[in-house]
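Below is one structure, written out as structure tokens, with a few remarks after it.
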Amino acid sequence: MNFNLHISDEDYVRITAGRKRVAGSLQRVDGDTFIFHPWQETERKRSKVLRTKHASCRICDDSIALSLRIKRAQAPNACNIIFDETDQAVDFITSNT
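Written as structure tokens, this is what we have:
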């Protein structure tokens, strides 16, 4: 199958000159003609992460997040698990801020 792809000169240079992929979408204009639209690139935020058996704690430049996931079978021990995982997260946060 052959098709025509319309792409800006700037995007073509980025795609061919770099080793990184350029993410985007194709818009179908007619039967065999497409236009490439690159997605807006955002810089990834650097973060530090602590992963434990039941929790994930992430420290970014502008926020701190703690997520817990406990299976239903462990429901009777959920309070102890939450306290233990939270204590570990607090230690991680205080040592990295």
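Counting from 1, one number per residue, gives the positions in the sequence shown under UniProt numbering. The beta-carbon is built from N, C-alpha and C at its ideal position, and this holds for glycine as well.
Could you pull the start and end residues of the alpha helix (DSSP H) that S95 belongs to? In the DSSP assignment, S95 falls within the unbroken alpha helix (DSSP H) covering 78 to 96.
Does E10 get closer than 8 Å to chain C when you measure Cβ to Cβ? Chain labels in this structure do not include chain C; a single protein chain is all it has.
Quick one: residues in its chain with C-beta nearer than 8 Å to the C-beta of A78, no 5 flanking neighbours on either side, listed in chain order? Within the same chain, A78 has close Cβ partners I70.
Under the assumption that I59 contacts T97 (Cβ atoms under 8 Å), give the Cβ distance between them as a whole number of angstroms. Confirmed, Cβ separation roughly 7 Å.
Start and end of the beta strand (DSSP E) containing A73? Looking at the DSSP string, A73 is not in any beta strand (DSSP E), and its letter there is neither H nor E.
Measuring only the C-alpha atoms, how far is F3 from T16? About 19 Å.
Could you name the residues of the same chain whose beta carbon sits closer than 6 Å to that of T33, not counting the 5 residues immediately before and after it, in chain order? Contacts found: N4.
DSSP has S56 in a bridge; who is on the other side? S56 is bridged to R51, S67.
Could you give the DSSP three-state label for R21: helix, strand or coil? R21 falls in the coil class under three-state DSSP.
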